[in-house]
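Student: Residue numbers (our numbering): 168 to 271. All residues carry an ideal CB built from backbone N, CA and C; glycine is no exception.
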């Protein structure tokens, strides 16, 4: 399955997403494709609801919970900044995926 994720305001399509694919795997694939090492989070937004997704969360399972409205869910890859602090993006305790890779 393909999933659209916004990276720096540009929609990117992640191919090959299965029921077993985790958010961490999607984040790593996007960061590697962009060649941008750092710390990233995947954000889920649906209408007025927005949250950080956990690295071990199964992406398709989460989207399936929305039923036919899943197409309205916007996924965004965000950098947590150079210092690794995600407090301005997520609640305390939400995980950040570290992406040390510079290329595929």
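(1) Per DSSP, residue 243 is paired with what?
(2) Closer than 8 angstroms is the cut-off here; do at least three beta carbon pairs connect the region 199–211 with the region 232–249?
(3) Just tell me which of 168, 237 and 241 has its CA closest to the CA of residue 218.
(4) Which residue marks the beginning of the alpha helix (DSSP H) containing residue 190, and which one marks its end?
(5) With distances taken Cα to Cα, identify the nearest neighbour of residue 174 among 188, 231 and 199.
(6) Who are the near neighbours of residue 192 in its chain, counting only those whose CB is closer than 8 angstroms to its CB and skipping five residues on each side?
(7) Is residue 194 a contact residue of the ligand COA, with contact defined as CB to any heavy atom under 7 angstroms?
Tutor: Quick look at the numbers:
(1) 173 and 210
(2) yes
(3) 241
(4) 190–201
(5) 199
(6) none
(7) As far as ligands go, the structure on display features none, and thus does not contain the ligand COA.
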